[in-house]
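S.K.: Under the working numbering, think of the first position of the sequence shown as 1, with each following residue one higher. C-beta atoms are modelled at their ideal positions from N, C-alpha and C, and glycine is treated no differently. Nothing here was measured: the structure is a model prediction, and the numbers come from that model. Quick one: the structure is below, questions incoming.
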Amino acid sequence: MKKILSAFIVLVVLTPLGLLAPGSAWGEWGLDEIKEKVGFIPQGMKHFSEVIKNILPDYGIPGFDKNFYQSALGYILSAVVGIAVIALIFWLIAKLIPETKEKAA
């Protein structure tokens, strides 16, 4: 468990490295970038972009992205929230699945 936690901490700390790359990450395009790349906005993307709002848009804290350090803090917070949500989902799944006891032969 200690190794997994250490790996997550390293990943969280390294998360702001994405700020150094120009442009957006591959596959994380906004509607305007999709339209530029393929020539149109798919209906499903357009619909769900209006329905689902980001908790942390652009991996940042709205209004707290004036410099690199503030943006880095937003990236780190986004990583922590993402890891916490995934951990919670797996914990809930583990609680819902009944334990099976193996019988000794």
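Assuming W29 and K37 make a contact with CB atoms under 8 Å, what is their CB distance in whole Å?
M.R.: The sequence position of residue 29 within the sequence shown is 29, counting from 1. The sequence position of residue 37 within the sequence shown is 37, counting from 1. Indeed they touch by this definition, with Cβ atoms about 7 Å apart.
S.K.: Taking buried to mean at least 16 other C-beta atoms within 10 Å of its own C-beta, is P22 buried or exposed?
M.R.: Within the sequence shown, numbered from 1, the residue matching residue 22 stands at position 22. The residue is exposed, with fewer than 16 neighbouring Cβ atoms inside 10 Å.
S.K.: Evaluate A79 with the Cβ neighbour count: other Cβ atoms within 10 Å of its Cβ, from every protein chain shown; 16 or more gives buried, anything less gives exposed.
M.R.: Residue numbering aside, residue 79 sits at position 79 when the sequence shown is read from its first letter. Buried, because 16 or more other Cβ atoms sit within 10 Å of the Cβ of A79.
S.K.: Apart from the five residues on each side of it in sequence, which residues of its chain come closer than 6 Å, Cβ to Cβ, to F8?
M.R.: Taking the sequence shown and counting its residues from 1, the one referred to as residue 8 is at position 8. Same-chain partners within the cutoff: I83.
S.K.: Answer yes or no: do L31 and M45 have a C-beta to C-beta separation smaller than 8 Å?
M.R.: Residue 31 sits at position 31 when you count from the first residue of the sequence shown. Residue 45 sits at position 45 when you count from the first residue of the sequence shown. In contact: L31 and M45 (Cβ atoms closer than 8 Å).
S.K.: Starting from the C-beta of F64, find all residues in its chain whose C-beta is less than 6 Å away, skip the five residues before and the five after it, and write them out in chain order.
M.R.: Looking up residue 64 in the sequence shown gives position 64. Cβ neighbours of F64 beyond the five flanking positions: Q70.
S.K.: Given V12, which residues of its chain have a CB within under 8 Å of its CB, disregarding the five upstream and five downstream residues?
M.R.: As a first step, residue 12 must be located in the sequence shown, where it is residue number 12. Taken in chain order, the residues that qualify are I76, A79, V80 and I83.
S.K.: From I93 to I86, what does the alpha carbon distance come to, in whole angstroms?
M.R.: Position 93 of the sequence shown holds residue 93. Position 86 of the sequence shown holds residue 86. Roughly 11 Å separates the two Cα atoms.
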